[in-house]
Each structure stands twice: as C-alpha cells, then as structure tokens.
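Chains as they are written, first to last, in the working numbering: chain A, 38 to 381; chain B, 38 to 381; chain C, 38 to 381; chain D, 38 to 381. Just below is one structure, and these are the notes that go with it.
4 protein chains.
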Amino acid sequence: MKTGVIGSTGYAGQQLVWFLNNHKKVEISFLASHSYSGNEYASIYKNHRGFMQSNCINIQQVYENLSSVDIVFIALPHGKSMNITKGLLSRGVKVIDLGADFRLKGSELYKEWYELDHQGEELLKDAVYGLPELNKKSVQRAQLIANPGCYPTASILALAPLIKNNLIDASTIIIDAKSGVSGAGRSLSTGTLFCECNETVKAYKVGEHRHIPEIEQELSLLADENINLLFTPHLVPMNRGILATCYGKASTEVSLADLQKIYTDFYSEDYFVRVVEDIPETKWVTGSNFCDIGIKFDKRTNRIIAISAIDNLIKGAAGQAVQNMNIMCGFDEWEGLNFPSMMP
Amino acid sequence: MKTGVIGSTGYAGQQLVWFLNNHKKVEISFLASHSYSGNEYASIYKNHRGFMQSNCINIQQVYENLSSVDIVFIALPHGKSMNITKGLLSRGVKVIDLGADFRLKGSELYKEWYELDHQGEELLKDAVYGLPELNKKSVQRAQLIANPGCYPTASILALAPLIKNNLIDASTIIIDAKSGVSGAGRSLSTGTLFCECNETVKAYKVGEHRHIPEIEQELSLLADENINLLFTPHLVPMNRGILATCYGKASTEVSLADLQKIYTDFYSEDYFVRVVEDIPETKWVTGSNFCDIGIKFDKRTNRIIAISAIDNLIKGAAGQAVQNMNIMCGFDEWEGLNFPSMMP
Amino acid sequence: MKTGVIGSTGYAGQQLVWFLNNHKKVEISFLASHSYSGNEYASIYKNHRGFMQSNCINIQQVYENLSSVDIVFIALPHGKSMNITKGLLSRGVKVIDLGADFRLKGSELYKEWYELDHQGEELLKDAVYGLPELNKKSVQRAQLIANPGCYPTASILALAPLIKNNLIDASTIIIDAKSGVSGAGRSLSTGTLFCECNETVKAYKVGEHRHIPEIEQELSLLADENINLLFTPHLVPMNRGILATCYGKASTEVSLADLQKIYTDFYSEDYFVRVVEDIPETKWVTGSNFCDIGIKFDKRTNRIIAISAIDNLIKGAAGQAVQNMNIMCGFDEWEGLNFPSMMP
Amino acid sequence: MKTGVIGSTGYAGQQLVWFLNNHKKVEISFLASHSYSGNEYASIYKNHRGFMQSNCINIQQVYENLSSVDIVFIALPHGKSMNITKGLLSRGVKVIDLGADFRLKGSELYKEWYELDHQGEELLKDAVYGLPELNKKSVQRAQLIANPGCYPTASILALAPLIKNNLIDASTIIIDAKSGVSGAGRSLSTGTLFCECNETVKAYKVGEHRHIPEIEQELSLLADENINLLFTPHLVPMNRGILATCYGKASTEVSLADLQKIYTDFYSEDYFVRVVEDIPETKWVTGSNFCDIGIKFDKRTNRIIAISAIDNLIKGAAGQAVQNMNIMCGFDEWEGLNFPSMMP
C-alpha cells in the first residue's frame, strides 16, 4: 500500500505522518507541503529525526509522484482540496480528505457556511462521511472519504445512540465543547500565541462554528428529521483533547442503567468507542484513537448528559483517517492505531 | 478598622490576606490557621515576605485576640464555621463567612446537600447572601455575611437579568462552567496533583455539585418561583478563573441589542460587573474583582447564551468578601480592589 | 506628572500602562502604538476595560501630544528608539527607554551585538543604566534612562555582591537562566505558538544572546576588570518569570553564613531585593517588582551558586521603569509598586 | 517471555505497563501495587481500559505468581527493593530495578546519600548499571539491572564523550538540569499540587540531590579518575521531559566540528541517542525512548556546553528498562520502543 500526504506539515498532517510511518502495511511515497516544500521533513518536526528522511515536495510535484500510489491524504484548510481531489480521483487515486470540502452533502450549505462556491459539486454525492462507527460499510467501498471534523466526531458519537433511539427531544440539544489549542492549527495568529492561550479559557464562535452543519447533517440523517442544535466551542489551555458535554431533554422515561445498556449495545462492535461508567476525561484518550463516552441523567431537570472525550488530532483527524484507510483496504480497523493514551 | 482571618492559609484565605494587607483602611489583627498555627505566615506564602511579619495562631487563640476587632473573615471548609460564627457574633464581632454554612436559607436544604446537621440554624434568617450586585442594601446592615460560592457568583450574575426580566423559560436553564484548579483548594488529593490536572479537561459532579441549591435559591428569589436547573462544572488546567456558559430558551421575542441594553441597565450601578459586547475570557478578569458578562442569541435554536468570567479566588471569594466589608463599613465599594487584571 | 508611552501594546508596554494608570502621582497623556494606532486601548487589552478610555496614537502624533509631558517611556524593539529618543530629549522631555538602544556604553559594542549602526552615539555617555540597586544616584539626575534587560536585571542582581566583594573567580561565571514566554514578546512567530512552547523546555542562543554584553559591562564596572561570562537562556512553559541560576568558583574561603550576611548588607537599603534563606522560586515574585535572591555554597566543588527570581515584565521591564521614574521624580521608590506577588 | 511489575501504579510503573503490554514478545504475568492492591488496574489508569483486564496484587502475592516468570521489574522508592530483589534472584528470576538501591557500587556511599543501611550489599558487585549505551555487554549477561535514574541518564549521556576523550577539565563540570513534574512521582505532597507547580520554576536540592553520586560514579569510571561535579535540578511546569545543560572548561583546543564528530562517533551504534546539530528540546523526545544531544562551544569563555533531552519516564525510567530487557533477552534493542515522540 502506497500513500502520499498533502498538507503534511500542519499538526493533523504531522500526526498522520507519524501513524503512516509506523504502520506496518503502508509506505509513504511523498509528503507535500505548501509552506515547507524543499525542506527536510525531519528539520521541521524534529521528533521524526531518524524516522523520516524525505524532503517535502510542493503540491505541483504531487502529480509526478503518483505512480502506484493507492491513497492520498489531504490535510489542507477548507477550499483548498476541492480541485486537488478532482485531479487525484480522475487518475484513479483514492482520497481521504481531512478538510471540510466534502463533508456537507449540499453545495448551498457549503456556500452558506464556508462562503465559497464549491468547485467539486459533482463529487459530493459519492463522498462518504468517514465516521466509521456510523458508516463502516460505505467507507469500505469509498473512493473519496470526507474525514469528519474534530468537534463533529466527538459530538456525533456522544449523541448518536440518543438520536437513533429517540431518547431526547432534538430541539433541546446543546453541545458545549472544550478543545485544546492544536485544534486551531499551526498558522500564525495572535490568538494562539502561548501567552494569549495559557491560563485562560474562552468561548468562541458561539452558534456560528462551521462544524455545526456537519453535526446537524449526520444527526438529522440518523433521526430521519431535520435537527437544529446549539454548539458552543471553547478553547482550553492544553495541547490536545476535546471534551464534548452534550445536553438534551429526555423524551421518554429512562433510567441511567437503560442508557448505559443502550450505549454499550450501540457501540458493541466499535473498537475505538469505550462506553465508560464514570465521566470521561481527555487525558485518558489523548495520544490514542479512542473515544470515551459517559452518560449521566439529571432527574431534577429531566436532562440526559452525554460526555465524550477524544484526541482532536487523532480520533478527530489523523487517527480516524488511518482507521478509514484500514477499513477501505480490508486491514484490521486498529492496525497501526492499537495502543492506549500515554499518560501523564 | 480591625479584622482577623480564620482559615488564612488556604488559597482563598491567602488571597484575602493579600487584599486586607493592601487595604488602606484596614488592619489585620490576627491570622488563624488550623494547619500552620505557630508558623510565620510569610514562610508558608513566601510572596508575603516583607509584607507580613505575623505568625499564624490557632483557632482557640482567636478569642484572646478579638479586642477591638470589628470583622472576622472565615475561610474554612463547610461545617467548620457554624460554631465559630456563633461565638463571634455573640461577642459583637461581625462575620464574613467565605464558606458554605450560611448560604442556604433552610437547614433541611443544608442537610440534604451537605449531609450535616446545621448547628447555627437560628442564624440563617439574618445571614445575608453577600452578592452585592443583588443585595447591596442588606449587606450594608448585615452582622453575618454568607459570601457566595465561586460558581454561584459567576452563574447568578450571568443569569439574573434574564430571570428578573422573565426572558427565559426557567425550566431550560443549563450552566456549563469551567474552573481553574485553585477552586479545588490546597488540601492534598491525587486529583489535584500537577500531572493529573495538566493537559486534560474533565466534567465532575454532573448535576450533583453543592453549589446547585445556592444558585437555585437566589435565582428563585429573583424569579419569584421555584427554579431547578442543570449545572455541570468542569476542571480546566489553569490556576485561576471561572467561565460560566449559561443557556436558556428565550421565552419572548428579543433581539441581541435588547439583551445588551437589559444587561447594561441591570448592572448600571455595579462597578465590578462589566457587560461586554464580545465574549468574555477569564484572562481579562483573573487577578481582579471584575465579572465580565457577554450575551449571545442563537436564532436557529431560540437560545440565549449568557457567558460570565470571574477570578474564582477574587470575585468568587476573597475580593467579594472585601467588597462586602467595604459596603458594610461605608467605604467605597472598590477600596483596595480597584485595579484591572494583570495579563499575561 | 505627565507621561506618555511609545510601544504601549507589547507585553512590557501593557504592563507599564497598568502601573502608570494605577500610580497616584502620574497621569498618562498618550499611548502610542505602531500596530494598533487608532484603536481603543481597552479593545486590545480588555483587562483595561473601564480603566482606560484612550485610543492609541501613532508615533508621528507623539510630537503633537508632548505639551507638559515630563517623561516618555519607550518600549520598542532595539534600533527603534534611538531616533525617537533624540527628538524627545531635544524637546526637554526625559526618556526611559525599555529597549536596548542605550544600554551599552560603546557604539562598537552595540554594532557588534545588534548588527546596526548606532544613530545616537552622542547620547550614550549620559544615558544612565537604570538598575536602581546599583545606580540610584545617577538615576536621580538622569535625563535618559536605559532600562535594563530582563535577564541582565536578574543576573546582575544575583552576582553583584560576589563581584563587588571579590568572592568568585570571574573567569568561571556561568549563568543558566530560565524565562517564561512573555519575554519573547507578542509578535507572531511559530516558536511562540502555544503548542510549540507548552510542555517543553529548551535552551536557545547559547553564548550568543544580546543580553550578554550588558551583563558583562555592568559586572566589569563593579569588578573594575574585564569580565567575560557564559550565559545560557532557556524557555519554560509559563507566562512570566525569570530564574537565573548563577555559578562561580569561590576565590576565597567563605561560609554560607558569611555569604548570607554579605548579600543582606549589600542590599540592606534596597526595598525590592529580598535576600532569602531558602531557594527562590518565580511564583513568589511574579506579578510584583521584587527580586528574590538565595545563595548556596557547594563545598564538594567549591562553587557558589546565587539564584535570583524576578517577573520579567515587572522588575525585568515595566516595574523597574516605574521604579526609575519614582527615583527621578523624588517619589518613594515603591510608589505604585508596593504589593506582593498574587499567587497562585 | 513472562514478566511482572512490582510498583506498577506509580508514573514510571504505569509507563512500563504501557510498554510491556504493547511489546510483541512479552507477556505480563502480574501487576503488584502497594497502594492499589485488589483494584482493577484500568480503574486506576483509565487509559488502559480495554487493554488491561488484571487487578493489582499485593507484594506478598508476588511469590505465588512467579511460576515461569523470567524477569521482574521493580519500580519502588529507594530502600524498598533491596529485600525483594534478594528474594527474586534466589528464585532464579532476573530483576530490573528502576529504583536506586543497586545503582551505587558501595554500601557506604549508599548510606551516606540515602541514609539507610544497605541490606543487599552482597548483590552490589554483580548488579549492572543499566545504561546500555555504556554497558551493553554487561547488560546482556546481567541477572540484576540497576536501571539508571532520570537525571543521571541525561547527564551521563551528555558528558560521556567529553570525559572519555579527555576534552574537559573534570573539576569544572556543572550540570543544570530541568525536569517535568512527573519526576516527583505520584505520591501526595503540597509541592506537586497543580497550583504550586504551574506557572513557576524553581531550583531544589542544589548540590544535594541523590542522583549526584550516581553521575559521579559512572563518569569517574569513564575518566578513570575521581570526579566531583555540581548538579542543580530544577522543576519546570510540564508533565514530562528532562533537559540537562552541562558545562565544562575545554582542556584542549577543539572546534565545534570536532566535537560533533566525536559525539557522532561515540554514539554511532546507539539507536536511541541522536546527536543533533541544533539545540535539543524536550518536546522532540517526550513520549519516546530517544535522547537528543546537542553540543556548543563558547570561545569567549572556553566552555563546552553539551545539552541532552530525554523523557524522564521513558529513557529516564521505563523505556530504558525495556531497552535493557530487550538486550538481556537478545531481542532487537528497539523492540516495542521504536516510535518517535508524539507532538504537540
């Protein structure tokens, strides 16, 4: 299996390189980078010294390096992968896009939220939303995977069993999510300087984050009705991790034990979801591809609270991309991903 | 004005000593500490070297040091101040209790949430809940102040204008709060070790935190109806700061501009509440007695989001105690508290 | 007393605004900023909301705002204050320059280390190196203060008593310093992004940092001989603080008790230096203008170790600038600076 | 290969369990813990959920679980493994001791630094100091490995090429080391609480740390003369990582290029040492078994600076223990350890 990575020097891209380079059944054919083309990869991410000898190529050189490449991963900002994906698919190469360009089913919705015309509209209907816990069969057959966003991965996995089983009033869903700073990427901005993020917590893009339509789309498909929900992301002073605290009004009488069983059954065949009996914490999953989910029921207000924890760069990006690749290739789902979080 | 501090070596107590020692109109008569009695204060908190020459006394010695003391602050764990307060009041000394013993109006409620019999029941009716923005007049006349908890301060200030003006359906209130680790105090526990808190975020005591009845009591008084709400605290890897993200369903049609005006009017005479037009962030308030509040309205789900930020040790504890003292003594409310957050 | 600040929106500039605005005897006439001219100051540093109503002016507008201004503070990168200072002095305004342009006595040395021609050579001889603990008398009479760098402040204060008293072999001095990230300033660079600084420690510019000639110059003056020393700065994941661990071979027989006494005597009249008997730690000084110094003697290797801790933005920049201003103006040295570190 | 771990619930023990459980050629027979015997391992370290089903046993139960166990790892505080080791060796089980009990060759030296009588004196002569880069051959044949301390690993690897090649005056060695907080372990103490360690840096045990005799012993062996050196550890607010900045006066004329070559040659067959051309940083090694070493030469003071970075829990403890096990068992040295640091 030969792969290439476009956008290999962002945080998600680098995490992907880490996994692919440690994956027994995979070879990396090229690493492309806009910002660092020509540079030795291990001079940018020095953890890779001794592991990665290649230099980064630029995106134009990708096409000269496609021979016998099976899958290309793209980890670029939204808007940047649409055209590249078309080019790659037309050459018979499968694509796993870690960006947002193929996640939304409609180009109008894309335009509404991303303020861009979609230039690969014709590909949207065949793009598979690569959340393996919900769409494993489609992933197996996919040519183009839209790898889910980090917040949507945590949010959808937390809420899916409730939605699927009609346990909450969908008009009451509130997702209050907390993310580490690596989610903001490695490009320069005052807001992600150490002294601006450290020792503080803030909410941002309240009700306006671009991951909202993606969460709503997938949950609406599960519910078979249109769902609008409130999503509030927060920035927390840590490198990695997302905790999604999800609230909904119980629509039927249900005990905590029932809920535990429903969740456990729902994810019984999903290696990377661990339904836990306590309350998840990001440190138990960061550095791994696991999603821990805990459920609480507050009788006093009749609210169900589902809390999920993931590593935003792994289950929320690169690890999930490798999981998708494994499924597409018929490997074990956990190949190259099968280790727990390293703590502390 | 002479004061004393009982429980002066916890984090809130120490912050209080900082303020009292810098307050132009106040003198500290004694510092009492269970854990460190006999020790030089500045050997425990070495920031105070050169500022504080006293040794800590034990709680028994307090009574020998009361002569001409006007106000005693108590910063002890719940259950520990009930009897001490009785003793002090009976000697004509006013008390500002930073603990939980006098916050709830009913001893049954206290027993239900704190699992202890209240031993100062007769004092409850005259204890004033010391949130000056709501109760300034009662504070002026108080002999006993129940200084609010940190989460309740942030939560009540965020929600009061909505409740008072009947703008939200009270049965839909959810408070998702994020706190720095100093809120957990300085006593030893594995959970507050550096390596256990750093680089992780978690929810805890979901729907079960002891600050819940306090928030409900004060908001119910404002609403003139009984309110039950859902409160979820989270622990965030930073020393100080609380961000309370508060959600409620709009019960009438209202614009964001209306909401801004309602909040601004509500707090027009409150020096320490700053209604902001953006989204608050804890770093702009930590190290100060300010509470920043921002409001958002999500049309798609008809939810109002009120977000408040405070320093848990200052507006959430010691600063508010000093603010209450200032009001009780007829000083300017901001005396000794009148500086902004030091950042970064 | 009227003052202005040029470079008011960097971290040191902002800290200076904080102090000046809280200083009872000072008024701020203008805040100039290259990056944010025209913007409301409190919209950039939101901690100042309610405290600072002014907008930033640009550097050109400074000259229109000088009327009755007594002292201007400049907090600009090196090379940027030379010409501005000339203009201000020629208008009879005193200058406290927090940058590096007037710290070195020779323009060749400046050129060697800063790779720039000095354009205010004629001012160098009258510029006073504003370390009040060594140069209080010159500061009193100064028109132009070169406010020391952060590392030099910590290093010189730690070593001065040893040098002055001929206690160490000057050829063996090694300063191993550790700084928080705010020392790197607020301008954008990959190296100061949260995810790049957090959870890591590194040395940088080993033996090449521009603060070296400044430390050597001042210690050479004290020693009355030319001193070359080795200086290694490190970056530590915290906002503020410098710890300088300074090593030298004892040149005479001396006990730890002797050393303690020598230090205590040396700084007996210096309010902001606290000679401590234990080992300093930055948390006891951050947020204050204090410098804590502790001394150890290692018999096994005959080395004296002097360790100092400061807040790089306060005693290492803005606080020291205010201390210098106080001395120049005949105020108490501690006016506006007289509070301990706020901890935790 | 069957192994057991005694002291499996400290930070080093847990890291060891992580590695052993992911090691293809190893099986874990038991996990012993003083504090948590009887508890499910994955309930203490929840990252191991799904990976580790066992409960902890107590130390008494170890002897009932030894059948067919080849190697036992001990990760206990000093003084606790002496007797256990004797018992295990007498049953024919090999021991890798991560504690300090067998590191020093003389029982007097042990008594001097650890203030305890050694109860396994007779084992000291055969115990192998398990720094594979220096002692690979002895490790191959060892029955008892004294796994090096974290600071000694970083310090010795940084200095060994200089000492071995007589490049520095050994009487001038200063090691200024910076460690993350996990080095202090998981037992309760005020000093390792989050709010006490966060946002601060301090030196501790200056010239008195128990790792000093260990560093001196190994470097003296290399030098074939007695070396005394100055060692200053510092605590830095991060979970993992040690940076050792090591200084020595050059004893012969040597260029930086020479030094680079000497280091590269010295470690040419050592997989886990990477001699780098820049300055190491802990983030490039944390989460891995690598030791990065960079060298600088300061002409102005004729000092060589060798800087090393390791993960204190991996190359400084559990990873090195596994590396030793691999060598003892004839496996590839990197088996189960062959991946780079995960960053950020």
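By construction, the Cβ of each residue, glycine as well, lies at the ideal position given by its N, Cα and C atoms.
Exposed unless 16 or more other CB atoms sit within 10 angstroms - verdict on arginine 337 (chain C): Taking the third sequence and counting its residues from 1, the one referred to as residue 337 (chain C) is at position 300. Classification of arginine 337 (chain C): exposed, given that the 10 Å Cβ count is below 16.
Selection from B:Met275, B:Ala287 and B:Ser219 that minimises the alpha carbon distance to glutamate 233 (chain A): The residue given as residue 233 (chain A) occupies position 196 in the first sequence. Closest option to glutamate 233 (chain A), Cα to Cα, is B:Met275.
Contact set for glycine 47 (chain A): own chain, Cβ-Cβ below 7 Å, skip 5 residues either direction: Looking up residue 47 (chain A) in the first sequence gives position 10. Once the five neighbours on either side are set aside, the close Cβ partners of glycine 47 (chain A) are Ala112, Gly222 and Arg223.
Contacts around threonine 323 (chain B), its chain only, beta-carbon distance under 7 Å, and the 5 residues preceding and following it disregarded: For the purposes of this step, residue 323 (chain B) is identified with residue 286 of the second sequence, where counting begins at 1. Excluding residues within five positions, the ones whose Cβ falls inside 7 Å are Arg277, Gly278, Asp348 and Ser378.
One or two residues paired with serine 216 (chain C) in a DSSP bridge: As a first step, residue 216 (chain C) must be located in the third sequence, where it is residue number 179. Beta-bridge pairing links serine 216 (chain C) to C:Leu272 and C:Ile279.
Supposed close pair histidine 155 (chain C), serine 216 (chain C) - CB separation, criterion 8 Å: The residue given as residue 155 (chain C) occupies position 118 in the third sequence. The residue given as residue 216 (chain C) occupies position 179 in the third sequence. Going by Cβ atoms, the distance from histidine 155 (chain C) to serine 216 (chain C) rounds to 26 Å, so no, they are not a contact pair.
Whole-Å CB distance - serine 70 (chain B) paired with glycine 44 (chain B), under 8 Å assumed: Along the second sequence, read from residue 1 onward, the residue named residue 70 (chain B) stands at position 33. Along the second sequence, read from residue 1 onward, the residue named residue 44 (chain B) stands at position 7. About 7 Å separates the two Cβ atoms, so the contact holds.
For glycine 228 (chain A) and threonine 237 (chain A), the rounded distance between their alpha carbons: In the first sequence, the residue the question calls residue 237 (chain A) occupies position 200. In the first sequence, the residue the question calls residue 228 (chain A) occupies position 191. Rounded to whole angstroms, threonine 237 (chain A) to glycine 228 (chain A) spans 12 Å at the Cα level.
N- and C-terminal bounds of the beta strand (DSSP E) containing arginine 311 (chain B): Sequence index remark: in the second sequence, residue 311 (chain B) carries index 274 (1-based). Run containing arginine 311 (chain B): 310–312, per the beta strand (DSSP E) assignment.
Per DSSP, cross-strand counterpart(s) of arginine 340 (chain D): In the fourth sequence, residue 340 (chain D) corresponds to position 303, counting from 1. Answer by DSSP bridge pairing, in chain order: D:Lys286 and D:Asp335.
Same chain only: Cβ atoms within 7 Å of glycine 50 (chain C), ignoring 5 sequence neighbours per side: Here residue 50 (chain C) is taken as the residue at index 13 of the third sequence, counted from 1. Closer than 7 Å at the Cβ level, and outside the excluded window around glycine 50 (chain C), lie Val42, Gly44 and Ala112.
Where serine 208 (chain C) sits in the DSSP three-state scheme: Position 171 of the third sequence holds residue 208 (chain C). Strand at serine 208 (chain C).
Span of the alpha helix (DSSP H) around alanine 79 (chain D): Residue mapping note: residue 79 (chain D) aligns to position 42 of the fourth sequence, counting from 1. That run of the alpha helix (DSSP H) goes 78–81.
Which residues DSSP lists as bridging threonine 40 (chain D), in chain order: As a working mapping, residue 40 (chain D) is identified with position 3 in the fourth sequence. The partner list for threonine 40 (chain D) (beta bridge, DSSP) reads D:Ile65 and D:Ile108.
Range of the contiguous beta strand (DSSP E) that encloses lysine 131 (chain D): By one-based count along the fourth sequence, residue 131 (chain D) stands at place 94. Where lysine 131 (chain D) is concerned, the enclosing beta strand (DSSP E) stretches over 131–134.
Below-7 Å beta-carbon distance, glycine 244 (chain B) vs any chain A residue: Mapped onto the second sequence, residue 244 (chain B) falls at position 207. Closer than 7 Å: yes.
Alpha-carbon spacing of alanine 195 (chain D) relative to alanine 240 (chain D), whole angstroms: As a working mapping, residue 195 (chain D) is identified with position 158 in the fourth sequence. As a working mapping, residue 240 (chain D) is identified with position 203 in the fourth sequence. Distance between the alpha carbons of alanine 195 (chain D) and alanine 240 (chain D) is about 20 Å.
Three-state class that DSSP yields for serine 392 (chain A) in the structure shown: Outside the displayed range of chain A (38 to 381) lies residue 392 (chain A), so it cannot be described from this structure.
Contact set between tyrosine 48 (chain B) and chain D, taken where Cβ atoms lie within less than 9 Å: For the purposes of this step, residue 48 (chain B) is taken as the residue at position 11 of the second sequence. Those within 9 Å of tyrosine 48 (chain B) in chain D are Cys232.
Cβ-based neighbour list, phenylalanine 368 (chain A), same chain, cut-off 7 Å, excluding 5 preceding and 5 following: Here the question's residue 368 (chain A) lines up with position 331 in the first sequence. Around phenylalanine 368 (chain A): Lys62.
Contact residues within the region 120–150 of chain C, judged by C-beta distance below 9 Å to chain B: none
Assigned secondary structure, leucine 171 (chain C) (DSSP; H/G/I helix, E/B strand, else coil): The residue labelled residue 171 (chain C) in the question sits at position 134 within the third sequence. Of the three classes helix, strand and coil, the one that applies to leucine 171 (chain C) here is helix, per DSSP.
Terminal residues of the beta strand (DSSP E) in which alanine 183 (chain A) lies: Counting from one through the first sequence, the residue named residue 183 (chain A) turns up at place 146. Looking at the DSSP string, the run of the beta strand (DSSP E) that includes alanine 183 (chain A) is 181–183.
Lysine 131 (chain C) vs glutamine 180 (chain C) beta-carbon contact at 7 Å: Numbered from 1 along the third sequence, position 94 holds the residue referred to as residue 131 (chain C). Numbered from 1 along the third sequence, position 143 holds the residue referred to as residue 180 (chain C). Yes, Cβ-Cβ distance for lysine 131 (chain C) and glutamine 180 (chain C) is below 7 Å.
Touch test, the region 87–99 of chain D against the region 167–182 of chain D, Cβ-Cβ under 8 Å, three pairs minimum: no
Beta-carbon proximity of alanine 281 (chain A) to isoleucine 212 (chain A), cut-off 7 Å: Taking the first residue of the first sequence as 1, we reach residue 281 (chain A) at position 244. Taking the first residue of the first sequence as 1, we reach residue 212 (chain A) at position 175. Taking 7 Å as the Cβ cut-off, alanine 281 (chain A) and isoleucine 212 (chain A) qualify as a contacting pair.
Between the CA atoms of glutamate 318 (chain B) and threonine 301 (chain A) - distance to the nearest angstrom: By 1-based counting over the first sequence, the position of residue 301 (chain A) is 264. By 1-based counting over the second sequence, the position of residue 318 (chain B) is 281. Their backbone Cα atoms lie some 37 Å apart in a straight line.
For asparagine 92 (chain B): DSSP bridge partner residues: Position 55 of the second sequence holds residue 92 (chain B). In the DSSP output, where bridge partners are listed per residue, asparagine 92 (chain B) has B:Glu77.
Outcome for lysine 162 (chain B) when other beta-carbon atoms lying within 10 angstroms are tallied against a minimum of 16: Walking along the second sequence from the start, residue 162 (chain B) turns up at place 125. With fewer than 16 Cβ atoms within 10 Å of its Cβ, lysine 162 (chain B) is classed as exposed.
Contacting residues, own chain, Cβ-Cβ under 8 Å from arginine 128 (chain D) (five flanking each side not counted): Looking up residue 128 (chain D) in the fourth sequence gives position 91. So the list reads Tyr100 and Leu103, once near-sequence residues are dropped.
Top-ranked residue by Cα proximity to glycine 220 (chain D), from D:Thr40, D:Val359, D:Leu57 and D:Gly353: Within the fourth sequence, residue 220 (chain D) is the residue found at index 183, counting from 1. Comparing Cα-Cα distances from glycine 220 (chain D) to each of D:Thr40, D:Val359, D:Leu57 and D:Gly353, the minimum goes to D:Gly353.
Three-state class that DSSP yields for glutamate 253 (chain C) in the structure shown: Counted from its first residue, the third sequence places residue 253 (chain C) at position 216. Helix at glutamate 253 (chain C).
Against chain D: residues of the region 156–184 of chain A by CB proximity under 7 Å: none
Asparagine 235 (chain D) at chain B interface by Cβ criterion, 7 Å: Numbered from its first residue, the fourth sequence carries residue 235 (chain D) at position 198. Closer than 7 Å to some Cβ of chain B, the Cβ of asparagine 235 (chain D) qualifies, so yes.
Contact set between the region 273–288 of chain B and chain D, restricted to residues whose Cβ is under 9 Å from the partner: Pro274, Met275, Asn276 and Arg277
Nearest-angstrom Cα separation, counted from serine 118 (chain D) out to glutamate 145 (chain D): In the fourth sequence, counting from the first residue as 1, residue 145 (chain D) sits at position 108. In the fourth sequence, counting from the first residue as 1, residue 118 (chain D) sits at position 81. Those two C-alpha atoms are separated by around 18 Å.
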